[in-house]
Every structure is written in C-alpha cells, then in structure tokens.
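A.B. asks:
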Amino acid sequence: MKNFRIVVLDDVKDAEKLADALVGGGLPCAEVTFRTAAAEESIRIMTEKYPDMLVGAGTVLTTEQVDKAVAAGAKFIVSPGFDAEIVDYCLDKNIPILPGVISPSEAAQAVKRGLSVVKFFPAEQYGGVTTIKALAAPYTMLKFMPTGGVSVKNLKDYLSCDKIICCGGSWMVKGDMIKSGEFDKIKQMTKEAVELAHSIRK
Ligand code: 3PG
Numbered sequence: 435m436k437n438f439r440i441v442v443l444d445d446v447k448d449a450e451k452l453a454d455a456l457v458g459g460g461l462p463c464a465e466v467t468f469r470t471a472a473a474e475e476s477i478r479i480m481t482e483k484y485p486d487m488l489v490g491a492g493t494v495l496t497t498e499q500v501d502k503a504v505a506a507g508a509k510f511i512v513s514p515g516f517d518a519e520i521v522d523y524c525l526d527k528n529i530p531i532l533p534g535v536i537s538p539s540e541a542a543q544a545v546k547r548g549l550s551v552v553k554f555f556p557a558e559q560y561g562g563v564t565t566i567k568a569l570a571a572p573y574t575m576l577k578f579m580p581t582g583g584v585s586v587k588n589l590k591d592y593l594s595c596d597k598i599i600c601c602g603g604s605w606m607v608k609g610d611m612i613k614s615g616e617f618d619k620i621k622q623m624t625k626e627a628v629e630l631a632h633s634i635r636k
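Residue numbers for the sequence shown follow the working numbering, so the first one is 435 and each next one is one higher.
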C-alpha cells in the first residue's frame, strides 16, 4: 500500500457509491473517520459490498469506538494521537492499531509495545518528511504513515522516503465532492493519485 484515503462521511447513503469509486479508481483502501455518526454504518456498508477492501476506522478516541468499528468490519484502527489505553486494548485483542506518533517520547512507547507502523499526524504542521527522518534515526524499527496536508504537490517527497510505509490524504475525497455526488470525479482523482504513487514507488 503506497497511498490510501481518509474519508469523512456525513451520510450513510454515500458509503456504497464512495466504495464503488475507490475500488473503481484502483484504491480499495480507506480510513473512515469516527468524526461523524455515519462512520460505523458506512464501514459496515463498504465492507459488506467489498469484503476484500481494506477498510479501517480513523479518529478512534475510545475503546467503545474500537469495538463498534471492528463489529462493523474495520480491519484496522487509527487514532490521531498516542492513547496508551486504546493501543493496549487493540494489542490485547490482536486488532491492528496505528496510533499517532509525532515525538520521541511517543515513538518510545510505540516501540516498547512492539509496534512497527505508526501514524504521523498532522504531518505538514509537524515538519513533514524532515521530522519523520529525524524520528526514524533512533527508532529504526518504526515506519510512518503521514497524513494531514499530504497532496499531489508533496506526495513525491513523502513516498521517496523509505521510512514511510504509505501516505493518507483526503484530497480526492473532499466532503463537498461527496455531498454533491461527484463520484465520477472522485474515481478519476483516485486513479490519478494511484498512478502518481506508482510512478514514484515502482
Ligand atoms: C487525517 O485525519 O489524517 C487528516 O485529517 C487528513 O488530512 P488531509 O485532509 O489534509 O488529507
């Protein structure tokens, strides 16, 4: 996985069409954020229609949300920051967890728990690839998934760094495009993002 998208769905009626657009665009992977009440049901709809799609839950802030997300079909959990309770809960249950890590102290906690992949958020605000390289120097066992401000403009900078396992972004699934039903545009932008990622990392 070189690239995936971050989805904020306000309305469950959009979930199936969005999954169609993502799969059709060649990117069967999404982090559906628990920032709206539609997240749980949207994950269920997407994973029922596309069981092989890699759908995870993002912005998970409580262990209750972990349970809801997994019951709905989420294959991985993402939290914006390093919440030890959520991390330990997921590890106990063998649920893949990618907590946010932006400092050496958080990296140390992740490494202590045997994690090998963490989120780096908000990536651009925290110094982007320069900071990731600096963090990865002592914590060689960690790979990072930057999100927040990643776009076609800087994807090459991120994907050129071997400490970055994949990037996340919402630029091809903006809320206004979903609201106005522009699923063909989403599919096209997804296709372009996938092509760009492939051209950077062969
Ligand atoms: C995230 O949840 O990781 C970010 O909000 C995504 O950031 P972006 O909208 O800048 O891609």
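Think of the CB as a built atom: it goes at the ideal place given N, C-alpha and C, for glycine as much as any other residue. Here the structure is a predicted model, which is why all the values come from computation and not from measurement.
1. Between which residues of its own chain and Ser604 is the CB-CB distance below 6 Å, once the five residues before and five after are set aside?
2. So, with DSSP's three-state summary, where would you put Gly609?
3. Between which two residues does the beta strand (DSSP E) carrying Ser513 extend?
4. When you compare the stretch 616–634 with the stretch 589–608, are there three or more beta-carbon pairs, one atom per stretch, that lie closer than 8 Å?
5. Quick check: the Cα distance between Ser537 and Glu475, rounded to an integer number of angstroms?
6. Could you check what DSSP says for Pro580 in three-state terms: helix, strand or coil?
7. Less than 8 Å between the CB atoms is what I'm expecting for Asp448 and Thr470, so what's the real figure, rounded?
8. Look at the alpha carbon of Val446 and the alpha carbon of Gly490, and state the distance between them as a whole number of angstroms.
9. What alpha helix (DSSP H) runs, 4 residues minimum, are completely inside the stretch 538–608?
10. What are the boundary residues of the alpha helix (DSSP H) that includes Thr624?
11. Since Asp378 contacts Gly562 with CB under 8 Å, what's their CB separation in whole angstroms?
12. Flag this pair as yes or no: are the beta carbons of Val512 and Leu532 separated by less than 8 Å?
13. Consider the C-beta atom of Phe510 and the heavy atoms of the ligand 3PG; say whether any pair is separated by less than 7 Å.
14. Let me check understanding here. Comparing Cα to Cα, which of Gly515, Tyr523, Ala557 and Ile520 lies closest to Ser539?
15. Straight-line CA distance for Val457 to Thr565?
C.D. replies: Reading from the atomic positions:
1. Excluding sequence neighbours, Ser604 sits near Ile440.
2. In this structure, Gly609 counts as helix in the three-state DSSP scheme.
3. Taken as a continuous stretch (DSSP letters only), the beta strand (DSSP E) holding Ser513 covers Ile511 to Ser513.
4. Three or more Cβ pairs drawn from the stretch 616–634 and the stretch 589–608 lie within less than 8 Å of each other, which places the two stretches in contact.
5. If you draw a straight line from the Cα of Ser537 to the Cα of Glu475, it is about 34 Å long.
6. Correct three-state label for Pro580: strand.
7. In this structure Asp448 does not touch Thr470 by the C-beta definition: roughly 11 Å separates them, more than the 8 Å allowed.
8. Taken atom to atom, the span from the alpha-carbon of Val446 to that of Gly490 is near 16 Å.
9. As summarised for the stretch 538–608, the continuous alpha helix (DSSP H) elements at least 4 residues long and confined to that stretch are 538–546, 562–570 and 589–593, given in chain order.
10. Per DSSP, Thr624 belongs to the alpha helix (DSSP H) from Phe617 to Ile634.
11. Residue coverage of the chain in this structure runs from 435 to 636, which leaves residue 378 outside it and unanswerable.
12. Going by C-beta atoms, Val512 is nearer than 8 Å to Leu532.
13. Checking every heavy atom of the ligand 3PG against the Cβ of Phe510, none is found closer than 7 Å.
14. Out of Gly515, Tyr523, Ala557 and Ile520, the CA that lies nearest to the CA of Ser539 is found in Gly515.
15. Distance between the alpha carbons of Val457 and Thr565 is about 32 Å.
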